Every structure is written in structure tokens, then in C-alpha cells.
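So the structure is just underneath, and the comments pick up after that.
In my numbering, the protein residues as written are 74 to 220.
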């Protein structure tokens with residue numbers, strides 16, 4: 074069946090949940106982010122929620138509302154950096170990673186007294202990478218929703 078959508082007038086949607094899962098697995102798993110004092114390893118990522126690219130009247134938009142979970146290992150770059158006691162482990166959860174938001178709520182699990190370290194040092198490194206998701210999503214799927 075051929076769908077005629079003259080001038081791209083009607084809504085055309087594409088479900089991109091699988092793309093989101095693959096994107097975060099590829100770009101946010103087994104990566105290292107570091108600053109002057111710490112090294113942060115994201116060892117795994119989990120994604121759930123809705124992710125779509127839509128088009129109407131020639132305008133392409135993306136809509137997503139995702140729950141992101143990152144398993145984090147952090148290590149101080151100081152003198153005893155090989156010490157097991159120097160390891161910091163926990164999960165960073167973003168419960169509402171949404172297309173039209175930039176101020177997210179974070180849940181820090183199992184970081185204990187190191188929660189402030191993750192907030193202060195990891196988030197500024199992670200947020201620019203997260204900001205790339207929306208333009209990448211649109212760039213990779215625009216052709217699929219336009220004639």
C-alpha cells in the first residue's frame with residue numbers, strides 16, 4: 074500500500090525506541106570521562122520509555138521521554154589510585170530524559186557519601202554527551218519520515 078502525503082501535510086511517525094537503546098549502548102557503555110582529579114567509567118547503560126521522530130507540514134520533530142540508567146565506576150587519580158578502597162560505584166538514573174527539557178532530576182544509587190562528587194564532577198562531563206542525542210536522532214531519521 075502506498076501512502077500519499079502530498080507536501081508532507083499529514084503526520085508521519087517513526088518509533089525509534091530501538092534506535093535509542095542502540096544509541097546509548099554504543100555511545101554510553103564502556104566509556105571513560107575524566108577531569109583533573111577523577112576518572113569516571115560508565116560500564117553499562119539501560120534505556121526504557123518512548124522515542125519517536127515525527128513530521129507534519131514539512132517540519133520534523135522528535136519526541137522522547139526516556140528513563141536512563143548508567144552504572145558508574147569512579148576512581149581518584151591521586152597517589153593510591155590502584156587501591157580497591159579508592160573505587161566508587163553506583164548507578165546514576167535520569168527518570169525523565171525528555172526532548173524539551175535540559176534540567177533533569179537525577180537519582181544517585183549506592184554512591185553514599187560520594188554523591189556530591191558525582192554531581193559536581195561527572196554531570197558536567199556527561200551532559201554535553203547527552204545533549205547530542207536529540208540532533209543525532211533527528212539527523213538519522215529525517216529521511217524516514219519525509220517523502
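Glycine included, each C-beta is placed from N, C-alpha and C at the ideal position.
Small disclaimer: the values here were computed from a predicted structure and weren't measured.
- If you ignore the 5 residues before and after residue 101, its C-beta comes within less than 6 Å of the C-beta of 115, 118, all in its own chain and listed in chain order.
- In the DSSP assignment, residue 95 falls outside any beta strand (DSSP E) and within the unbroken alpha helix (DSSP H) covering 90 to 100.
- Closest in alpha carbon position to residue 172, among 97, 134, 103, is 134.
- Residue 118 is bridged by DSSP to 143.
- Bounds of the alpha helix (DSSP H) holding residue 206 are 206 to 218.
- Your pair residue 127 and residue 218 checks out as a contact, with CB atoms roughly 7 Å apart and the cut at 8 Å.
- By the Cβ neighbour-count rule, residue 204 is exposed, with fewer than 16 other Cβ atoms within 10 Å of its own.
- Residues of the same chain with a CB within less than 6 Å of the CB of residue 97, apart from the 5 flanking positions on each side, are 118, 120 in chain order.
- In the same chain as residue 208, and ignoring 5 residues on each side of it, no C-beta atom comes closer than 8 Å to its own.
- Rounded to the nearest angstrom, the gap between the Cα atoms of residue 105 and residue 113 is 6 Å.
- The Cβ atoms of residue 177 and residue 163 lie no closer than 9 Å to each other.
- The C-beta of residue 200 has fewer than 16 other C-beta atoms within 10 Å across all chains shown, which makes the residue exposed.
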